[in-house]
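Asker:
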Amino acid sequence: MAIHERSLVEPERILRKERLVVDGVDVSGDWNLIIMPRVINDYDVDFGKDVLSQPEGKTINQCYQCSYCTASCPVHNYWDERYNPRHFIYLARLGMIDELQKRADVMWRCVSCHKCTHRCPKGVLVEEVLKAILKVMAKRGIIEEYPSKKFDKFFTESVLEYGRIEDGELLFGWIEKQGYNVVKDPILKKPIPFVGETPEWLKDLVMKPIKSMNIGFLVLNAKHMLFHPKTKNWSKFKQVLRKVMQEEGALH
Amino acid sequence: MKSVLVVGGGPAGIAAARALGRLGVSTVLVEKDGQLGGNPIKNNYHTLIPRKLKPSQVIGPYIKDVEQNPNVKVLLNTELTACEGEPGDFKVTLSNGEKYNVGAIVVATGFEHFDPRRKGELGYGLYPDVITNLELERMFSVEGKLYRPSNGQLPKRVAFVFCVGSRDRQLGVTNVHCCRYGCALSGLQGSEIREHYPDVDVFCYYMDVRTYGTWEYPFYWAPQEQYGVRYVRGRIAEITYSPADGRLRVKHEDTIVQRPAEVPMDLVVLVLGMEPSPGTKKVAKILGLAQDPDSQFLVPSDESGSNIVSNKPGIFIAGACKGPIDIESSFSEGEAAAAEAAAFLGAKVTV
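Each protein sequence line maps, in turn, to chains A and B. The opening residue of the first sequence carries number 88 in our numbering; numbering runs sequentially from there. The opening residue of the second sequence carries number 12 in our numbering; numbering runs sequentially from there.
1. Start and end of the beta strand (DSSP E) containing B/Met285?
2. Measure how close the beta-carbons of B/Pro22 and B/Pro51 come, nearest whole angstrom, since I'm counting them as under 8 Å.
3. What residues in the region 161–188 of chain A bring their beta carbon closer than 8 Å to a beta carbon of chain B?
4. Quick one: which chain A residues come within Cβ less than 8 Å of B/Ile267?
5. In its own chain, which residues sit with a C-beta less than 7 Å from the C-beta of A/Pro142, not counting the 5 before and 5 after it?
6. Short of 8 Å in beta carbon distance, which residues of its chain neighbour A/Val112, apart from the five on each side in sequence? Order them along the chain.
7. In chain A, what lies closer than 9 Å to B/Arg205 by C-beta?
8. Hey, does A/Val246 have any beta-carbon neighbour from chain B nearer than 8 Å?
9. If you reduce the DSSP assignment to three classes, tell me which class B/Cys332 lands in.
10. Taking buried to mean at least 16 other C-beta atoms within 10 Å of its own C-beta, is A/Arg180 buried or exposed?
11. Measuring only the C-alpha atoms, how far is A/Glu248 from A/Leu212?
12. Can you tell me where the alpha helix (DSSP H) with B/Arg29 in it begins and where it stops?
13. Any Cβ of chain A within less than 8 Å of the Cβ of B/Arg246?
14. Give the interface partners of A/Arg125 over in chain B, defined as CB-CB distance under 7 Å, in chain order.
15. How many Å lie between A/Asp272 and A/Ile252 at the Cα?
16. Step through the CB atoms of chain B and report whether any lies within less than 8 Å of the CB of A/Val132.
17. Please confirm whether A/Asp129 has its beta-carbon closer than 8 Å to some beta-carbon of chain B.
18. Which of the three DSSP states, helix, strand or coil, is assigned to B/Asp79?
19. Say whether the region 87–96 of chain B touches the region 317–326 of chain A, bearing in mind that this needs 3 or more beta-carbon pairs closer than 8 Å, one atom from each stretch.
20. Determine the burial state of A/Cys200: buried for a count of at least 16 other Cβ atoms within 10 Å of its Cβ, exposed for fewer.
21. If you draw a straight line from the alpha carbon of B/Asp364 to that of B/Val279, how long is it in whole angstroms?
22. Please tell me whether B/Pro209 has its Cβ less than 8 Å away from any Cβ of chain A.
23. Would you say B/Ala93 touches the ligand GDP, meaning its beta carbon is less than 7 Å from a heavy atom?
24. Could you pull out every residue in the same chain whose Cβ sits closer than 6 Å to the Cβ of A/Asp137, ignoring the five residues on either side in sequence?
25. At what residues does the beta strand (DSSP E) containing B/Asn112 begin and finish?
26. Quick one: does A/Asn148 have its CB under 8 Å from some CB of chain B?
27. Report the residues of the region 119–140 of chain B with a CB closer than 8 Å to any CB of chain A, ordered along the chain.
28. Could I get the ranges of all uninterrupted alpha helix (DSSP H) runs contained in the region 279–305 of chain A, with 4 residues as the minimum, in chain order?
29. If contact means a Cβ-Cβ distance below 8 Å, which residues of the region 222–249 of chain B contact chain A?
30. With H, G and I counted as helix, E and B as strand and the rest as coil, what does DSSP make of B/Gly201?
31. I think B/Asn88 touches B/Lys43, with their Cβ atoms under 8 Å apart; what is that distance to the nearest whole Å?
32. So for B/His263, helix, strand or coil by DSSP?
33. Does any residue of chain A bring its CB to less than 8 Å from the CB of B/Asp212?
34. Locate the beta strand (DSSP E) running through B/Ser253, then write down its first and last residues.
35. Mind checking B/Gly299: buried by the 16 CB within 10 Å criterion, or exposed?
36. Just curious, the alpha helix (DSSP H) that A/Ile230 is in, first and last residue?
Here's what the structure looks like:
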C-alpha cells in the first residue's frame, strides 16, 4: 500500500514486510505495511537508576527542568538544537531509550565549558551527569565510544602527570595519537610543533594568532614545550589523586 | 456580655472557639457531624503539611481545650437553620430546636473533597486500583500498609494524578481554582512511599508544581532529591485497564518529550481538588454572605483590609469556607476571627 502523506511519518516508524500473516490470514501484498504508533509504551526505570549509581551521575535527580543549562549551552545555541542537556536528563531519568538513541549522534558534543554546571540553580553537575548518561548508554551498547572521550582520557593523563596541562604538548601529543606522523626531538622525545605531518586546519588555526603574538609570549611557550611546567610537589599529590580516582571509578 | 456562635467544628472553628473560651467569652460551637476536628479527623489524614505532624498532635490539643473550657458549649450533630436580628443581637435557631441570642458569628464551615466520579475518564469507581489521595492516607493511617485494592499486593509502580477537580473548566466555572495542597501532599505521600517501600517507583504527573513559599524544599525538592520521586510533565487524560497484564494504563502526552504515552501503573492516586462544603453554601444563604460567583467560596468584605471580615457586620469567616487553605493557616484564621469577634462584642480581656 502506498502512503500518500509519507512526509508526515518518520521513516523508522514505517514497517514493511514481504510476507505478513495476521491471525492466520495472509495479508501480504496491499496490507503488508504498518505504521508504528508514536505512543510511549513504558519507561526503562533501571536506566535512570544506573545513571544515579555512577559517581558522575549522583546529582541527576536534582534537576527540575528549568533549562537554565540549555539556555547557557554554546552547543545548543550555536550548533545543534538537538543537543539539549536538560532534555537528556529528563529522558535518562525516565529511561526513554528510543528518544536517547535518536540523539546518540549529537550527545557527545559537549565542549566542557561548564556554564551549565556553574549556573544550575539546583546544583546539578550537568556536564558530569551527561558523561554518566553517555557511560550508561555505552555500557548498554546504544552509543559508540564517543570521539571526545578519547581526548578526555589523554587530557586527564596529562593533568595527572604534571598537575597542569601544557597547550603545545597536549595539542601535538593529541595529533600524534590521531595517527599523524609527527617529528620528535631526539632528547626529550616530544613532538616538535609543525615540523612533521600537521593537519591543514590546525596550521590555519594556529598560524593566524601566532603572527600577532608578541615574541616574549612565543619564547615562553617554546620554553614550556621543552620543559613542561609542573605543579609544586605534584609527584606526591598525584599518587593520592590517582588512588582516589581509581577508588571512585573515575579512571577508565 | 453577649456570646458568640461558631459554625463548624473543623480546624478553623475549634481554633476560634478555643480562643474565645480562653478570652472569657461565652461561646456556642455547632458541628453537623458527630465529632470535632473536621475533614482531617473524619478522613483519617495521616501526616499534615507543612510540619509533618500527626492530626492528633496538631488538632488533638485544640479539641481537648475546647471540650474542657467551661465557656464553650459544644453541640454535635447540630446545624444552623435560621438567623434573624441585627449585628450585635442575632437570634439564631439550631436544628435541635434550640434558640440562642448571640452578639457575633464566626463561620468556619469548610470545604469538601471533590468527587472524582465526576471525571469519568479517570475510571474511579470502575477500576479498584484507581484510588483517591484520601484513600491512600487511610492506607497509611488506619491500615498501615500500601497495597493494590484489586489483589492486596504491593504495587511496583504508583502514579499521582495532579489537579483532579481543580483548574478544570470542563466541570463548569466552579472548579477553575487551584487546590493549593495537592502538589505538596503528593510530594509528601510519594516520599513516604519511597521511604517505606524503596522498591516502589513513584511518578507524579503534573502541569506545574505549586509548592509555594517554604513548602518548595520539603515537598518538591526533597521528594526528588532524597526519595527519588519522578516528576513527569503532562496531565493524565484517561485511565484504562489492560486485562492482559492486569495493570492500569495512564494516557497522557509527555509535554516535555512531546509524545503521547500509555504507561503501565499498578496503583493510581487521584489528587482531589477542594470545593465549598454543602454547609458553607447553606450557611451563606442563611446569613446572606457574599460568595464568589464562580467557585461559591465565601469572600471577605472589600471595605475591610482583613480577609476574615465578611460583608455582614458581626459575622466573621475563617478557614477553608473561603477557599483552599492549609490546616495550620486555618487555625490562625480561626484565632484571628475570634479576636475580631471579641473586639466586636467589646469584650474586656483580663490577663
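Idealized CB from N, CA, C, for every residue including glycine.
Answerer: Reading off the structure:
1. 285–287
2. That pair is a contact at about 7 Å.
3. His174, Tyr177, Leu178, Arg180, Leu181, Met183, Glu186
4. Neighbours of B/Ile267 across chain A, judged by C-beta separation under 8 Å: Gln152, His174, Tyr177.
5. Glu335, Gly336, Ala337
6. none
7. Chain A residues near B/Arg205: none, gap ~11 Å exceeds 9 Å.
8. no
9. Per DSSP, reduced to three states, the secondary structure at B/Cys332 is helical.
10. buried
11. 25 Å
12. 22–33
13. no
14. Arg270, Pro271
15. 20 Å
16. For A/Val132, at least one C-beta of chain B is nearer than 8 Å to its own C-beta.
17. yes
18. The sequence as given places Gln at residue 79 of chain B; Asp does not occur at that position. Helix.
19. no
20. A/Cys200 is classed as exposed because its beta carbon has fewer than 16 other beta carbons within 10 Å across all chains shown.
21. Past the boundaries of the shown model lies residue 364 of chain B; chain B is included only from 12 to 362, so the question cannot be answered.
22. No, its Cβ sits nowhere closer than 8 Å to a Cβ of chain A.
23. The ligand content of the structure shown is nil, which means the ligand GDP is not present either.
24. Apart from the 5 residues on each side of it in sequence, A/Asp137 sits with its Cβ closer than 6 Å to the Cβ of Val223 in its chain, given in chain order.
25. 110–118
26. yes
27. none
28. 287–298
29. Tyr231, Trp232, Gln235, Glu236, Gly239, Arg241, Tyr242, Val243, Arg244
30. Correct three-state label for B/Gly201: helix.
31. 7 Å
32. strand
33. In terms of beta-carbon proximity, B/Asp212 lines the interface with chain A, with at least one pair separated by less than 8 Å.
34. 249–253
35. exposed
36. Counting along the chain, A/Ile230 falls outside any alpha helix (DSSP H), and DSSP gives it neither H nor E.
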